[in-house]
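**Student:** Attaching a single structure in structure tokens format; questions to follow.
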Amino acid sequence: MLLSIVVSVYNEEKALPSFYRETSRVLRSLTWDYELLFVDDGSQDGSRLVLEQLAEGDEKVKLIGLSRNFGHEAAMIAGLDYCHGDGVVCMDADLQHPPECIPDIVDRLEQGYQVINMVRTRNEDAGLVKNITSLAFYRLINAISDVHFEPNASDFFALDKRVIQVMQTSYREKVRFLRGYVQNVGFKKTTLPYAARPRVAGKSKYSIKKLFTFSVNTILCFSNVPLKLGIYAGMFSALLGLGVMVYTLLTRDGAPSGYATIVVLLCFMFAMLFVVVGIIGEYIAILFTELKDRPVYIVADTRNIGQDGSEDK
Ligand code: UDP
Ligand code: MG
Numbered sequence: 020m021l022l023s024i025v026v027s028v029y030n031e032e033k034a035l036p037s038f039y040r041e042t043s044r045v046l047r048s049l050t051w052d053y054e055l056l057f058v059d060d061g062s063q064d065g066s067r068l069v070l071e072q073l074a075e076g077d078e079k080v081k082l083i084g085l086s087r088n089f090g091h092e093a094a095m096i097a098g099l100d101y102c103h104g105d106g107v108v109c110m111d112a113d114l115q116h117p118p119e120c121i122p123d124i125v126d127r128l129e130q131g132y133q134v135i136n137m138v139r140t141r142n143e144d145a146g147l148v149k150n151i152t153s154l155a156f157y158r159l160i161n162a163i164s165d166v167h168f169e170p171n172a173s174d175f176f177a178l179d180k181r182v183i184q185v186m187q188t189s190y191r192e193k194v195r196f197l198r199g200y201v202q203n204v205g206f207k208k209t210t211l212p213y214a215a216r217p218r219v220a221g222k223s224k225y226s227i228k229k230l231f232t233f234s235v236n237t238i239l240c241f242s243n244v245p246l247k248l249g250i251y252a253g254m255f256s257a258l259l260g261l262g263v264m265v266y267t268l269l270t271r272d273g274a275p276s277g278y279a280t281i282v283v284l285l286c287f288m289f290a291m292l293f294v295v296v297g298i299i300g301e302y303i304a305i306l307f308t309e310l311k312d313r314p315v316y317i318v319a320d321t322r323n324i325g326q327d328g329s330e331d332k
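First residue of the sequence shown: 20, per this note's numbering; consecutive thereafter.
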């Protein structure tokens, strides 16, 4: 049996040597054969050089170089497309996902589990703000979407061959949430806990702003509820108008009273209107992106990978 480890790399020159050392040590102790598939997501530091040296000295190290930075998820998708394993483990290059978990993952794969979600029990690096916003995000998305998201799930997960095939052919959306798909493809699932380690070197590439955009896109992709806000807002304004009309008729003060009331109401109504238009705009933006059908990633070159299937997807 072959185990593929997919690692997305963006400016991790300092973390890579220890990642390679620790992970290889664990992998060599397995009964399975393995391939260590690094996806260089357009790094601008020395990561590429480090990876080339690793690939030179170890034929189990495979390298896919993307033509530019496409983002963490796109890099993972590239890795999933190119892996040949009977099982795959996706992990980060910064050792936050401990390689010691791999033997347990392989056990689960051998027991016939097809999707193994690794759930964080402790996150050393995330600050209070990141933890609170992340909790709020999961509450919201679980309330308004018909699929369930595990709050502490991470981009650390394992799939068996069948699910890899599904990922290679379906869920090829441009605006996406890979972790969400993995949790919702079905199949025989299980979770394993892990304690996230501190980053071994370098710094996190996910800024609060990036996380915010990511969260908004996820909500829009997995729920139509925001689109319905317009209907509720319309019903609310209709009721409000009706109430004011009845009140005016009953009190019979036909003369206009209260400039402030009118201005406040107008601003309020327009605000609702524009918010709803904005939400529709966001959905149209997603449709536009999907319609253009640009590649999720573009491969520039590879190392230790045969000629097969090197087209961009
Ligand atoms: N990463 C990537 N492309 C990017 C940003 C990040 O491939 O545009 C990789 C990064 O090298 C790391 C993983 O994705 O291996 C997770 O990124 P990071 O550690 O910065 O995220 P965090 O763990 O802080 O959420
Ligand atoms: Mg990290």
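All C-beta atoms in this analysis are idealised placements derived from N, C-alpha and C, irrespective of residue type, glycine included.
State the CB to CB distance for the pair S234 and I163, rounded to an integer number of angstroms; the pair is presumed to be in contact (CB under 8 Å).
**Tutor:** Residue numbering aside, residue 234 sits at position 215 when the sequence shown is read from its first letter. Residue numbering aside, residue 163 sits at position 144 when the sequence shown is read from its first letter. Actually they are not in contact, since the Cβ atoms of S234 and I163 sit about 13 Å apart, beyond 8 Å.
**Student:** In this structure, does DSSP put N88 in helix, strand or coil?
**Tutor:** Your numbering for residue 88 matches position 69 in the sequence shown. The answer is coil: DSSP assigns N88 none of H, G, I, E or B.
**Student:** Identify which residue in I83, S256, F168 and K193 has its Cα closest to the Cα of R313.
**Tutor:** Position 294 of the sequence shown, counting from 1, holds the residue named residue 313. The residue with the shortest Cα to Cα distance from R313 is K193.
**Student:** Considering only heavy atoms of the ligand UDP and the C-beta of each residue, which residues fall inside 6 Å, strictly closer?
**Tutor:** In chain order, the hits are S27, V28, Y29, E31, D60, N88, G90, H91, A94, D111, A112, D113, Q115, S223, K224 and Y225.
**Student:** Would you decide whether Q118 is buried or exposed? Buried here means 16 or more other CB atoms lie within 10 Å of its CB.
**Tutor:** Here the question's residue 118 lines up with position 99 in the sequence shown. At residue 118 the sequence reads Pro, which differs from the Gln that was named. Label assigned to P118: buried.
**Student:** Taking contact to mean at least 3 C-beta pairs separated by less than 8 Å, is the segment 207-221 in contact with the segment 252-270?
**Tutor:** Output reads no: the segment 252-270 does not touch the segment 207-221.
**Student:** With a threshold of 7 Å (Cβ to nearest heavy atom), would R218 be considered close to the ligand MG?
**Tutor:** Against the sequence shown, residue 218 aligns to sequence position 199. The answer is yes for R218.
**Student:** DSSP three-state call for E78: helix, strand or coil?
**Tutor:** Translated into positions along the sequence shown, residue 78 becomes position 59. The answer is coil: DSSP assigns E78 none of H, G, I, E or B.
**Student:** Would you report the Cα separation of N161 and F176, rounded to the nearest angstrom?
**Tutor:** Indexing the sequence shown from 1 puts residue 161 at position 142. Indexing the sequence shown from 1 puts residue 176 at position 157. Near 20 Å, if we compare the C-alpha coordinates of F176 and N161.
**Student:** Would you tell me roughly how many angstroms separate the C-alpha atoms of E129 and P245, rounded to the nearest one?
**Tutor:** Residue 129 sits at position 110 when you count from the first residue of the sequence shown. Residue 245 sits at position 226 when you count from the first residue of the sequence shown. Near 42 Å, if we compare the C-alpha coordinates of P245 and E129.
**Student:** Just curious, the alpha helix (DSSP H) that F255 is in, first and last residue?
**Tutor:** Sequence index remark: in the sequence shown, residue 255 carries index 236 (1-based). Looking at the DSSP string, the run of the alpha helix (DSSP H) that includes F255 is V244 to T270.
**Student:** Could you spell out where the beta strand (DSSP E) holding A304 opens and where it closes?
**Tutor:** Here residue 304 refers to the residue found at position 285 when the sequence shown is read from its first residue. Taken as a continuous stretch (DSSP letters only), A304 belongs to no beta strand (DSSP E), being part of the alpha helix (DSSP H) at Y278 to K311.
**Student:** Please determine, among S226, L284 and V295, the residue with the shortest C-alpha to C-alpha distance to G249.
**Tutor:** Counting from 1 along the sequence shown, the entry for residue 249 is found at position 230. Closest option to G249, Cα to Cα, is V295.
**Student:** Measuring alpha carbon to alpha carbon, tell me which residue in I238, V25, T267 and L310 is nearest V107.
**Tutor:** For the purposes of this step, residue 107 is identified with residue 88 of the sequence shown, where counting begins at 1. Closest by alpha carbon: V25.
**Student:** List the whole-angstrom C-beta distance separating W51 from L21, where the pair is believed to meet the contact cut-off of C-beta under 8 Å.
**Tutor:** Locating residue 51 in the sequence shown gives position 32, where the first residue counts as 1. Locating residue 21 in the sequence shown gives position 2, where the first residue counts as 1. The pair is a contact, with the Cβ atoms about 7 Å apart (cut-off 8 Å).
**Student:** Taking C-alpha atoms, which residue in L159, L56 and N88 lies nearest to M110?
**Tutor:** To locate residue 110, count along the sequence shown from 1; it is residue 91. The option with the nearest alpha carbon to M110 is L56.
**Student:** Under the rule that 16 or more other beta-carbon atoms within 10 Å means buried, what is R341, buried or exposed?
**Tutor:** Since the first residue shown for the chain is 20 and the last is 332, residue 341 is missing from the structure and cannot be characterised.
**Student:** Which residues in the same chain as V138 place their Cβ atom closer than 8 Å to its Cβ, once the five residues preceding and following it in sequence are excluded?
**Tutor:** Translated into the one-based positions of the sequence shown, residue 138 becomes position 119. The residues are E169, N171, A172, S173, T210, L211, P212 and Y213.
**Student:** Would you check if the distance between the CB atom of D59 and the CB atom of G76 is smaller than 8 Å?
**Tutor:** Within the sequence shown, residue 59 is the residue found at index 40, counting from 1. Within the sequence shown, residue 76 is the residue found at index 57, counting from 1. No, these two residues do not count as a Cβ contact at 8 Å.
**Student:** Three or more C-beta pairs closer than 8 Å, one from the segment 317-325 and one from the segment 262-270: is that the case here?
**Tutor:** Touching, no.
**Student:** Could you tell me the alpha carbon to alpha carbon distance between G325 and M291, rounded to whole angstroms?
**Tutor:** To locate residue 325, count along the sequence shown from 1; it is residue 306. To locate residue 291, count along the sequence shown from 1; it is residue 272. Whole-angstrom Cα-Cα distance: 56 Å.
**Student:** Would you report the Cα separation of Q184 and F293, rounded to the nearest angstrom?
**Tutor:** Translated into positions along the sequence shown, residue 184 becomes position 165. Translated into positions along the sequence shown, residue 293 becomes position 274. Cα-Cα distance, rounded: 43 Å.
**Student:** Can you list the alpha helix (DSSP H) stretches of 4 or more residues lying completely in the segment 48-77, in chain order?
**Tutor:** Listed in chain order, they are 66-76.
**Student:** Do you know how far the Cα of Y278 is from the Cα of M308?
**Tutor:** Within the sequence shown, the letter at position 289 stands for residue 308. Within the sequence shown, the letter at position 259 stands for residue 278. The amino acid at residue 308 is misidentified as Met; the sequence shows Thr. C-alpha separation (whole angstroms): 45 Å.
**Student:** Taking all protein chains shown into account, decide if Q63 is buried (16 or more other Cβ within 10 angstroms of its Cβ) or exposed.
**Tutor:** Locating residue 63 in the sequence shown gives position 44, where the first residue counts as 1. When all chains shown are included, Q63 counts as exposed.
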